[in-house]
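Undergrad: Structure in structure tokens, see below.
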Amino acid sequence: MNVSHHRPRTIKIALAAAVAAVLLAGTACSSKADGDDADGGADGVKAGPGVSAGTIKLGALTDLTGPYATLGKSIVQAQQMWADEVNAQGGICDRKVQIVVKDHGYDVQKAVTAYADISSDVVALPQVIGSPVVSALLDDIQRDTMLTFPQAWAASLLGKDAVQVLGTTYDLDMIAAVDFLTRTKKVAEGDTIGHVYFEGDYGANALEGSQWAAKKAGLKVAGQKIKATDTDLSAQVSALRKAGVKAVLISAGPAQTASLAGVAASRGLTVPIVSSAPGYAPQLMKTPAAKALEAMVHVVSAAPAVSSDLPGVKKMVASYGKKYPGSPVDSGVLSGYNAAQLLGADLKKACESGSLTREAVVKAHRSQTNADTGLGTPQDFSDVSRPASRSTYVLKPDAKAVGGIVNVEEAHEAPGIEEYLSSRG
Amino acid sequence: MTGLIDSLFNGLALGSVYALIALGFVTIFKASGVLSFAHGSLLLLGGYLIAVLHDELGFAGALALAVLVTAAVAGLVDRVVLQRIGADPHAAHVATIATIGIDIVLVTDLARRIGGDLLTLGDPWGDAVTDLGPATVADSRIAAITVSALAIGGAFALFRFTPWGLSLRAAAEDAEAAALMGVRLTRVRMLAWCLAGALAALAAVFLAAFPAPGLERTTGQIALKAFPAAILGGMASPVGALVGSMVIGLTEAFTAGYQSDLHVLGEGFGDVAPYAVMVLVLLVRPAGLFAAKGAARV
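Protein chains in written order, with the numbering used here: chain B, 97 to 521; chain X, -17 to 280.
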């Protein structure tokens, strides 16, 4: 009796196993094929996945349909512009550069599928949007030695050979923010400062920085944790006012910065506000909070304002405006173009060393101790456990400027950063 | 003291906006037995329409048109999709699931249109504020409380004094008997959806107005906060929805305003608080604060 019950199931399991085996064999074959044709180009440069005799393929896991669609579009367009410029000058290593763009809509599952889809065909990822996406892919990226520039700046992403956080991390930005407040006498020892921050890696890392710097400066931090869906910060402002804060730090999204500034101004809590770089977008200059933002807010960022006088930035803004008329020039354009240029430099260096395998690209990247694209401060990629840059700019919203923001302070390293990094080990 | 009054006003304003949404949930539930998960997307639709129309029609014109269109879309969703599923209790469950699908379709399309933008609705209050004793209150908040009170009062008058209201209450009591007495269930039901849609569009104005920076693709998700309000009031009671909304609004405002004093409960307790209150109330009164008396469950 039992046997007759079990047989159908056994057959089913066997069938499922057979199907799985065929599928596995299929994927194994395809990845093997990709690896095979990659060895040794006609010019003697050793090739790997994503590199053929005529092209170098790069991948972008971006968000074109989700919450960061505006940012995604800016980065995709900026990096495409870079690829076109490079190809017009003969490409890299006598190969044309091609960027394979995959939209994940800020959905981790889709991103994982997209990565599996393109990972065997590309040599590096100059764009991955979304902290949760990056976290989900970390192991795969490490295993594939796929040089990746995530559009996320949490310190937890440091220490991975193949992953490069560009510029400063969120904690360093907030140390610089506290330094800005004390140096410009906006707060004094014994004062309390507020810190409104998102739950998750971004906010947690930023809070680490502000708490360390506040302790150092003899300040107290009143924290207010919020979620991405909180866009009315009235209650938080009430609480901050009750705590008697003399200044407020915010590490959230643009909508939250706008609400914070607008509500604080209307309630007479006219204290300085310093935001992390992702907390500002030029679209805010069209909201009712624009005046309050201009009057109260500063932004700390590893990248200069797009309205900056740096020749490299000016040139890029001009070409971008010509190529994509009507598209806003925001910080995403700058960071995307910068990332692509840095990767271009890595690829050139790897080519000179005679190999374009992924391992060689990562090695070339880690040998850059003074990578300067002319779009901000030089970066040092040699120490995998340390941020690539420690210098930050202080910016200020300005409705009339390109990108809605202007430089207030040029890039400099805030005092205490070295001590902070050493203490963290 | 200032903190207390601030929190009180924040809570009342939040509560009155939640009440607009929760009243929609309750009206739909009373009329059709359906728990509408599409409410957030209807709210977003209303807000989006105001945002794109206010330049041409002015704020009042855009608001009027948006309320009408959202009401019509809600009515159509019910008439064309949900009523076809049937009217027995099982069908109500199926229809509830169907609203999730409708929500996804609507939200996806609206999110595509809105993109990463923050849309302003062109409301007349801007960032103006009024001093009320020691507290400063945004004019948009005062407007939210006033308009919600009027709209909710109007809805209650509809329930109580109009033939439709009578039909609605009769149908909610016993659909079969009401139908035998000549109540046109399909029409009563569709009008209930229309009313809920109109209230949602109105709520969108205040969710996007000043203390918030504008309408975002995620604004509709805020409607979900009105769920605990409707549930803790008792799903089928308009008065319950009103009281529930105030409880949730005040809870949220006070937990956020006094976050530092509630440190023992962990950071960000304000987000969980509405649901914690809902669970507590349901533990004591499993059918909600204002559940219909004698709702026999056999």
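Virtual Cβ for every residue (Gly too), placed ideally from N, Cα, C.
Give the residues of chain X in contact with B/Gln175, contact being defined as C-beta atoms less than 9 Å apart.
TA: For the purposes of this step, residue 175 of chain B is taken as residue 79 along the first sequence, with counting starting at 1. Contact of B/Gln175 with chain X by beta-carbon distance below 9 Å is absent, the smallest such distance being about 18 Å.
Undergrad: With a cut-off of 8 Å on the beta carbons, I'd call B/Ser334 and X/Asp(-12) a contact; round off their distance for me.
TA: Taking the first sequence and counting its residues from 1, one reaches residue 334 of chain B at position 238. Taking the second sequence and counting its residues from 1, one reaches residue -12 of chain X at position 6. About 4 Å separates the two Cβ atoms, so the contact holds.
Undergrad: Near X/Ala53, which residues of its chain fall below 6 Å by C-beta distance, leaving aside the five closest residues on each side in sequence?
TA: Here residue 53 of chain X corresponds to residue number 71 of the second sequence, with the count starting at 1. Once the five neighbours on either side are set aside, the close Cβ partners of X/Ala53 are Cys176, Gly179 and Ala180.
Undergrad: Rounded to whole angstroms, what is the Cα-Cα separation between X/Leu5 and X/Val(-1)?
TA: Counting from one through the second sequence, the residue named residue 5 of chain X turns up at place 23. Counting from one through the second sequence, the residue named residue -1 of chain X turns up at place 17. Rounded to the nearest angstrom, the two C-alpha atoms are 10 Å apart.
Undergrad: Alpha carbon to alpha carbon, how far is X/Gly28 from X/Asp70? Give it in angstroms, no decimals.
TA: Residue mapping note: residue 70 of chain X aligns to position 88 of the second sequence, counting from 1. Residue mapping note: residue 28 of chain X aligns to position 46 of the second sequence, counting from 1. Taking the straight line from one Cα to the other gives about 31 Å.
Undergrad: Can you tell me the Cα-Cα spacing of B/Thr288 and B/Asp297, whole angstroms?
TA: Here the question's residue 288 of chain B lines up with position 192 in the first sequence. Here the question's residue 297 of chain B lines up with position 201 in the first sequence. Cα to Cα, the separation comes out at about 24 Å.
Undergrad: Name the residue from X/Ala126, X/Leu100 and X/Phe272 whose alpha carbon lies nearest to the alpha carbon of X/Pro106.
TA: To locate residue 106 of chain X, count along the second sequence from 1; it is residue 124. Closest by alpha carbon: X/Ala126.
Undergrad: Would the beta-carbon of X/Phe192 fall within 8 Å of that of B/Gly349?
TA: The residue labelled residue 192 of chain X in the question sits at position 210 within the second sequence. The residue labelled residue 349 of chain B in the question sits at position 253 within the first sequence. No, Cβ-Cβ distance for X/Phe192 and B/Gly349 is not below 8 Å.
Undergrad: For X/Thr102, which three-state DSSP category applies?
TA: Walking along the second sequence from the start, residue 102 of chain X turns up at place 120. Three-state result, X/Thr102: coil.
Undergrad: Indicate whether X/Gly(-3) and X/Gly202 have their beta-carbon atoms separated by less than 8 Å.
TA: In the second sequence, residue -3 of chain X corresponds to position 15, counting from 1. In the second sequence, residue 202 of chain X corresponds to position 220, counting from 1. Cβ atoms of X/Gly(-3) and X/Gly202: not closer than 8 Å.
Undergrad: What are the boundary residues of the beta strand (DSSP E) that B/Ile195 is part of?
TA: Walking along the first sequence from the start, residue 195 of chain B turns up at place 99. From DSSP, the beta strand (DSSP E) with B/Ile195 extends over Lys192 to Asp199.
Undergrad: Looking only at its chain, what residues have a beta carbon closer than 6 Å to the beta carbon of X/Ser122, apart from the 5 residues adjacent to it on each side?
TA: Within the second sequence, the letter at position 140 stands for residue 122 of chain X. Hits under 6 Å: Trp107, Ala191 and Phe192.
Undergrad: On a CA-only basis, which of B/Lys411, B/Ala324 and B/Ser330 is nearest B/Glu295? Give me that one, please.
TA: Along the first sequence, one-based indexing puts residue 295 of chain B at 199. Selected option, being the one with the closest Cα: B/Ala324.
Undergrad: Whole-angstrom Cβ separation of B/Pro145 and B/Arg454, contact assumed at under 8 Å?
TA: Within the first sequence, residue 145 of chain B is the residue found at index 49, counting from 1. Within the first sequence, residue 454 of chain B is the residue found at index 358, counting from 1. About 7 Å separates the two Cβ atoms, so the contact holds.
Undergrad: Applying the 10 Å Cβ sphere with the 16-neighbour rule, what's the burial state of X/Met217?
TA: Walking along the second sequence from the start, residue 217 of chain X turns up at place 235. That one is buried.
Undergrad: Would B/Ser355 pass as a contact of B/Asp328 if the rule is Cβ separation under 8 Å?
TA: Within the first sequence, residue 355 of chain B is the residue found at index 259, counting from 1. Within the first sequence, residue 328 of chain B is the residue found at index 232, counting from 1. Yes, the pair counts as a contact, with Cβ atoms nearer than the cut-off.
Undergrad: Going along chain B in order, which residues have a C-beta closer than 8 Å to the C-beta of X/Tyr0?
TA: Looking up residue 0 of chain X in the second sequence gives position 18. What X/Tyr0 touches in chain B: nothing, since even the nearest Cβ is about 12 Å away.
Undergrad: Please decide whether B/Ser423 counts as near chain X, where near means a Cβ-Cβ distance under 8 Å.
TA: The residue you call residue 423 of chain B lines up with position 327 of the first sequence. Answer no: the Cβ-Cβ gap between B/Ser423 and chain X never drops below 8 Å.
Undergrad: Once you ignore the five residues that flank B/Gly470 on each side, which residues in its own chain have a CB closer than 7 Å to its CB?
TA: What you label residue 470 of chain B is simply residue 374 of the first sequence in a count that begins at 1. Non-local beta-carbon contacts of B/Gly470 in its own chain, meaning distances under 7 Å to residues more than five positions away in sequence, involve Leu406, Pro407 and Gly408 in chain order.
Undergrad: Using a Cβ cut-off of 8 Å (strictly closer), state whether B/Asp203 contacts chain X.
TA: The residue given as residue 203 of chain B occupies position 107 in the first sequence. Not closer than 8 Å to any Cβ of chain X, the Cβ of B/Asp203 fails to qualify, so no.
Undergrad: Does any CB atom of chain B fall closer than 8 Å to the CB of X/Phe192?
TA: To locate residue 192 of chain X, count along the second sequence from 1; it is residue 210. Judged by the 8 Å Cβ criterion, X/Phe192 is in contact with chain B.
Undergrad: Jot down the residue ranges of each uninterrupted beta strand (DSSP E) in the segment 142 to 173 of chain B, minimum 3 residues, whole runs only, in chain order.
TA: 151 to 158
Undergrad: With 9 Å as the limit, tell me which residues of the segment 215 to 235 of chain X have their beta carbon closer than that to any beta carbon of chain B; keep them in chain order.
TA: Glu234 and Ala235
Undergrad: With respect to the alpha helix (DSSP H) encompassing B/Glu514, which residues constitute its N-terminal and C-terminal limits?
TA: Taking the first residue of the first sequence as 1, we reach residue 514 of chain B at position 418. Ile513 to Arg520 is the span of the alpha helix (DSSP H), which, as asked, contains B/Glu514.
Undergrad: Which value, in whole angstroms, describes the spacing of the CA atoms of X/Ser130 and X/Leu2?
TA: Translated into positions along the second sequence, residue 130 of chain X becomes position 148. Translated into positions along the second sequence, residue 2 of chain X becomes position 20. If I take the Cα positions, the gap works out to 6 Å.
Undergrad: Does B/Ser519 pass the burial test, meaning 16 or more other C-beta atoms within 10 Å, or should it be called exposed?
TA: Here residue 519 of chain B is taken as the residue at index 423 of the first sequence, counted from 1. By the 10 Å Cβ count, B/Ser519 comes out exposed.
Undergrad: If I'm right that X/Ala56 touches X/Leu150 with Cβ under 8 Å, what's the distance once you round it to whole angstroms?
TA: Walking along the second sequence from the start, residue 56 of chain X turns up at place 74. Walking along the second sequence from the start, residue 150 of chain X turns up at place 168. Rounded, the Cβ-Cβ distance is 15 Å, inconsistent with contact.
Undergrad: Are there 16 or more other CB atoms within 10 angstroms of the CB of B/Thr264, so buried, or fewer, so exposed?
TA: In the first sequence, residue 264 of chain B corresponds to position 168, counting from 1. Per the 10 Å Cβ criterion, buried.
Undergrad: Label X/Asp109 either buried or exposed according to how many other C-beta atoms from any shown protein chain fall within 10 Å of its C-beta, with 16 as the threshold for buried.
TA: The sequence position of residue 109 of chain X within the second sequence is 127, counting from 1. So X/Asp109 counts as buried.
Undergrad: Rounded to a whole number of angstroms, what is the C-alpha to C-alpha distance between B/Asp426 and B/Gly499?
TA: Here residue 426 of chain B is taken as the residue at index 330 of the first sequence, counted from 1. Here residue 499 of chain B is taken as the residue at index 403 of the first sequence, counted from 1. Those two C-alpha atoms are separated by around 5 Å.
Undergrad: Based on Cα-Cα distance, which residue from X/Ala258, X/Leu262, X/Phe251 and X/Gly(-15) lies nearest to X/Gly115?
TA: Residue mapping note: residue 115 of chain X aligns to position 133 of the second sequence, counting from 1. Nearest C-alpha to X/Gly115: X/Gly(-15).
Undergrad: Where does X/Ile204 land, buried or exposed, given buried means 16+ other C-beta within 10 angstroms?
TA: Counted from its first residue, the second sequence places residue 204 of chain X at position 222. So X/Ile204 counts as buried.
Undergrad: When you compare the segment 148 to 162 of chain X with the segment 81 to 96 of chain X, are there three or more beta-carbon pairs, one atom per stretch, that lie closer than 8 Å?
TA: no
Undergrad: Considering only residues of the same chain and omitting the five flanking positions on each side of B/Ala510, which have a CB-CB separation below 6 Å?
TA: As a first step, residue 510 of chain B must be located in the first sequence, where it is residue number 414. If we look at B/Ala510 and ignore the five residues flanking it on each side, its Cβ neighbours are Ile271, Ala272 and Asp275.
Undergrad: Measure the alpha-carbon distance for X/Leu140 versus X/Gly147 and round it to whole angstroms.
TA: Numbered from its first residue, the second sequence carries residue 140 of chain X at position 158. Numbered from its first residue, the second sequence carries residue 147 of chain X at position 165. One C-alpha to the other measures close to 5 Å.
Undergrad: If I measure Cβ to Cβ from X/Leu224 and keep anything under 8 Å in the same chain, skipping five residues before and after, which residues do I get?
TA: Position 242 of the second sequence, counted from the start, is the residue given in the question as residue 224 of chain X. Result list for X/Leu224: Ala1, Ala4, Leu5, Ile134 and Gly215, in chain order.
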